[in-house]
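As given, the protein sequences belong to chains A and B, one line each in that order.
Just add 376 to wherever you are in the first sequence, counting from 1, and you've got this note's numbering.
Just add 376 to wherever you are in the second sequence, counting from 1, and you've got this note's numbering.
A short write-up of the structure that comes next.
2 protein chains.
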Amino acid sequence: MLQDHPLYAIMHPRSVAMVGASNDFSKMGTIQLMNLMGGNYPGKIYPIHPKEETVFGLKAYRNGRELPEAAELAIVTIPTMAVPEVLKDLGERGVKRAIIISGGFKETGDRGKELEAEILRIARQYRIRFLGPNCIGVIHPSFHLNPTMYPYLHNFGGVGITSQSGTYVTQILPYLAKLQIGFSQAFSVGNGADLDLVDCLEYLAEDPETKAIAVYIEGIKRPWEFRQAASRASKTKPVVALYVGGTEAGSRSAASHTGSISGPDHLYDALFRQAGVIRAYTVEDLFEWAGALSLQPIPRGRNMAILTHSGGPASSLADACVRWGLKVPLFSERLQAKVRELLPATGSFRNPVDLTFFMDMGVMMEKLPQIILEDPEIDGLLMHGVMGSTFFRSISEIARKWVKVPSSEQERKFFLGTMEAFIKLPQQYGKPVIASSFADREDDAVKMAQDNGIPCFRAPERAVSAMAALCRYSEIRKRGE
Amino acid sequence: MLQDHPLYAIMHPRSVAMVGASNDFSKMGTIQLMNLMGGNYPGKIYPIHPKEETVFGLKAYRNGRELPEAAELAIVTIPTMAVPEVLKDLGERGVKRAIIISGGFKETGDRGKELEAEILRIARQYRIRFLGPNCIGVIHPSFHLNPTMYPYLHNFGGVGITSQSGTYVTQILPYLAKLQIGFSQAFSVGNGADLDLVDCLEYLAEDPETKAIAVYIEGIKRPWEFRQAASRASKTKPVVALYVGGTEAGSRSAASHTGSISGPDHLYDALFRQAGVIRAYTVEDLFEWAGALSLQPIPRGRNMAILTHSGGPASSLADACVRWGLKVPLFSERLQAKVRELLPATGSFRNPVDLTFFMDMGVMMEKLPQIILEDPEIDGLLMHGVMGSTFFRSISEIARKWVKVPSSEQERKFFLGTMEAFIKLPQQYGKPVIASSFADREDDAVKMAQDNGIPCFRAPERAVSAMAALCRYSEIRKRGE
């Protein structure tokens, strides 16, 4: 039962004690409190402060022992040396879950190691389970729980992440918002003194909101347990991992960041392979792959169709497919004939399909994708050229002076009218559709695709690598059967 | 002399005849005319139209023979079959340069090949030199020349491109604008029946506005001449190339796109290596590398310093450095001591340098970079964490209700005050600085960095790969000495 997992209360607390929040705007604890309040957290918030009567309008308590109830979660953002005492006070009051944001422990050397051992002893004594120290906290968007230093402003989604870097849970948010990759649950584990990557992985495997799991790793303390947890998780949902501790410089950085002991790259490679984990090598791949995996059906095979209205991206998509191990089969004579019927004479119809400058959005976004995805030989669709009215609107500003231009409403209808059919394709055919566009969400068609679960990435090769991750997971699932 | 090159008049025409522009807003030729006008082209524009008296308020001419003067450039965007006749008329009037946008030639099969041969014969007869057919035209931003279908809205810059895809000259613009990668000159060569990639490469090598050259290739017709031109160019400025014709699917796509005959990947690899061309494998790399190369000093060696305020990106940068062949040396004892003095106890000072949550922007953006770049052992700086006031402004919206927050002016000063020193670093030390941030130009510090020539890419690994391209060029230059 998910409710029995030690992380459940951390992700669903009915009350939160905030140690380190004050009325000083520049303090990290204060910023965390503001995000918790600004995110409309529905539970009770108890600021703990030695001097203030109120913090941001909330009654403050002098220390953990004076709390009016045993808060279900305590968040601790105070100077390193003060952590043990504070943890004891919370334990005395009966608090059972904590997130320790404060750094200065194992990652800083011997004295820090001792301190980390001490807080672990205190936690054991009071049966406190905790995340951290040296982490950035958790985000559970659908529960309106975000006590991190960063606001979560976009839709929640299906990507569950557990990370040894807080940045990949918080600072990364503007990047993710632009692609509408949403979190289900996000854990920053920091040094992982008590609850660690493995616990989070187990939790995410069971969590029904989580459709794909992303893991950022600097070094795994419990490789055997990680392997077990990842193997189990990958049987029901995809797991993507980024490991950066396998190079000399990466290892040195990891040691000073989270005190992690990293291992040789090839060992992690083998571990991931055995556990059915898809390995990413960059932050962008980690999130974009997990995002695509959380949204799209898993393809049966590696045969991809490519559809564009521009030859360069068609060639880039085709070239990238081969480099990523995907196939771009020549369409069957039958399919070629069907496609050709809909194209202008300058178009290409054998796969890649290139419409060239041919402004029939119904052909591009509806008829062709349907004909192609209907074909049993095709396992998925890669498309460059999701195109909204933004471009034409900017052009029509100039045109308006001289000629009659279509109204905004007509333009919108022309470009977005067939998007309704387009966004239904994956569900309709049970096959993945991944797009790319050089415009971002300022383009209304890109926005519409992303808002409806069709990944639309910034370059053709990014769409291909995400599709390759889907194919990889398809094979992992088959292997496990 | 650049003025003697056949492309010079195409890039500096004092008058342009537009064949295919009309008062119908939905036609490609019309959109091209609008962009030429909207971009404030300073020369004369002569629309050619069989029926209209005026086109967009400009007097129209029935055909090329009736032009009031021999326009320095003609741009032809009409149905395939009409091109030969139109070209003859222009030739009769003495027009010597053309861009043929129309497609339907070599790329469509045997009949198209004949037609292409025919227009080449006509051009030879009248001594017309032309780009295309099946291209998208050229952009010369500082000359306000943009007769393509896409508006050029951001600053011009130092990247000269020649491309067998029009998309990578036009549709790509929103992507480039967000990174402030600006064009000096952009050529879409299409089928390259007359002037081709090699001619453009020669031109860009001589062009003083061009600081780095990007080449998008589906197949090279004149490999020997390409090698000579690229070798010569790379002696004075970096050349980056993306070749997509080397895989079976890429080759098929290239053939139907520009009628190119592509060759095996390994042959192109060898060609690039011999010619001192840096090979990119993705569209993003092509442009981001060329952008960084056009802006930053070339490093002496591969020893990189890493500076961040977050451990995850520090580890990602370090790991990526090793994967891209860069070094992240342990700082000397002396440098470690100097860096350590400026950091909080939780910081890392051995390289990577991680400030952790330490809000002294003067240390991050000014003092530390200076100390590090002064060190003769360090060849360049990679930084994640360019951070403006945007984030804090969003937080302070919430805080304002409860506490006194700094004014916008104070915030701006705090975050941007030290940026003045930061943007001078490359020039001051003659060493490259490349940054990454998960925020885009909505962040005022990212904007300021980019507007002042410090590349700021979207993820740590992107900054590293661009830095690796700089190192690669450093070695190409040394080899040539």
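Note that CB positions come from ideal geometry on N, CA and C, so glycine has one too.
Predicted model only: the values in this text are computed from it and were never measured.
For M394/B, which of helix, strand or coil comes out of DSSP?
Looking at M394/B - three-state DSSP - the assignment turns out to be strand.
By the 10 Å Cβ neighbour count, where 16 or more other Cβ atoms means buried, how is R699/A classified, buried or exposed?
buried
Select from P599/B, M843/B and A839/B the residue whose C-alpha is nearest the C-alpha of V762/B.
A839/B
Cutting at 8 Å between CB atoms, please list the residues of its own chain near N439/B, excluding the five before and the five after it.
Only residues of its own chain outside the window of five on either side were considered, and among them I424, P426, V462 and D465 have a CB closer than 8 Å to the CB of N439/B, listed in chain order.
Start-to-end residues for the alpha helix (DSSP H) that takes in Q786/B:
S784 to L792
Less than 7 Å separating the beta-carbons of K435/B and S391/B?
no
Going by beta carbon distance, what residues of the same chain come within less than 7 Å of Q650/A, once the five residues before and after it are set aside?
R603
For R505/A, the first and last residue of its enclosing alpha helix (DSSP H)
Element bounds for R505/A: not the alpha helix (DSSP H) but the beta strand (DSSP E), R505 to L507.
Local Cβ density within 10 Å of Q786/A, reported as buried at 16 or more and exposed below that:
With fewer than 16 other Cβ atoms within 10 Å, it is exposed.
On the CB-based measure, 16 or more other CB atoms within 10 Å of its CB, does Q547/B come out buried or exposed?
buried
What does the alpha-carbon distance come out to for the pair R516/A and G635/B?
Sequence inspection shows His at residue 516/A; the Arg mentioned does not correspond to that position. Computed Cα separation, rounded: 53 Å.
What does the Cβ neighbour count give for G533/B, buried or exposed, with the cut at 16 atoms within 10 Å?
buried
What does DSSP give as the partner residue(s) for T422/B in the beta ladder?
Checking the sequence, you will find Tyr at residue 422/B rather than Thr. Its beta-bridge partners are A393/B.
Are the Cβ atoms of A397/B and L409/B separated by less than 7 Å?
yes
Residues in its own chain within less than 7 Å of I512/B by CB, not counting five upstream and five downstream?
Cβ neighbours of I512/B beyond the five flanking positions: I477, T524, M525, G542, V545, T546 and S564.
C-beta neighbour in chain A for Y644/B, strict 7 Å
Taking Cβ atoms only, chain A never reaches closer than 7 Å to Y644/B, which makes this a no.
Can you tell me whether M759/A is buried or exposed? The criterion is at least 16 other CB atoms within 10 Å of its CB, across all chains shown.
buried
Quick check: S638/A and S627/A, are their CB atoms within less than 7 Å of each other?
yes
Assigned secondary structure, K703/A (DSSP; H/G/I helix, E/B strand, else coil)
Reduced to three states, the DSSP call for K703/A is strand.
Which of the three DSSP states is assigned to I403/B in this structure?
The amino acid at residue 403/B is misidentified as Ile; the sequence shows Lys. In the structure shown, K403/B sits in coil (DSSP, three-state: anything other than H, G, I, E or B).
Could you pull the start and end residues of the alpha helix (DSSP H) that Y502/B belongs to?
D486 to Y502
Over the uninterrupted alpha helix (DSSP H) stretch that includes H896/B, give me the two end residues.
Because residue 896/B is not part of the residues shown, which for chain B are 377 to 857, the question remains open.
Reference A811/B; option with closest CA among M740/B, F767/B and I852/B:
Closest by alpha carbon: M740/B.
What does the Cβ neighbour count give for D695/B, buried or exposed, with the cut at 16 atoms within 10 Å?
buried
With distances taken Cα to Cα, identify the nearest neighbour of I674/A among V809/A, A562/A and N522/A.
Nearest of V809/A, A562/A and N522/A to I674/A, Cα basis: V809/A.
Output yes if chain A places a C-beta closer than 7 Å to the C-beta of V591/B; else output no.
no
Return no unless some Cβ of chain A is closer than 7 Å to the Cβ of F432/B.
yes
Can you give me, in chain order, the residues of the stretch 814–835 of chain B that have a beta carbon less than 9 Å from any beta carbon in chain A?
F814, A815, D816, E818, D819, R834 and A835
Label E490/B either buried or exposed according to how many other C-beta atoms from any shown protein chain fall within 10 Å of its C-beta, with 16 as the threshold for buried.
exposed
With contact counted as at least three CB pairs below 8 Å, one residue from each stretch, are the stretch 566–574 of chain B and the stretch 587–600 of chain B in contact?
Touching, yes, given that three or more Cβ pairs across the two stretches are closer than 8 Å.
Taking the alpha-carbon of T766/B as reference, which of A721/B, P418/B and K823/B has the nearest alpha-carbon?
K823/B
Who are S812/A's beta bridge partners in DSSP?
H760/A and F833/A
Name, in chain order, the residues that DSSP records as bridge partners for L434/A.
V431/A
List the DSSP bridge partners of I475/B.
I451/B and L507/B
If you draw a straight line from the C-alpha of P389/B to the C-alpha of V535/B, how long is it?
21 Å
Just the C-alpha distance for K807/A and K800/B, rounded to the nearest angstrom, thanks.
51 Å
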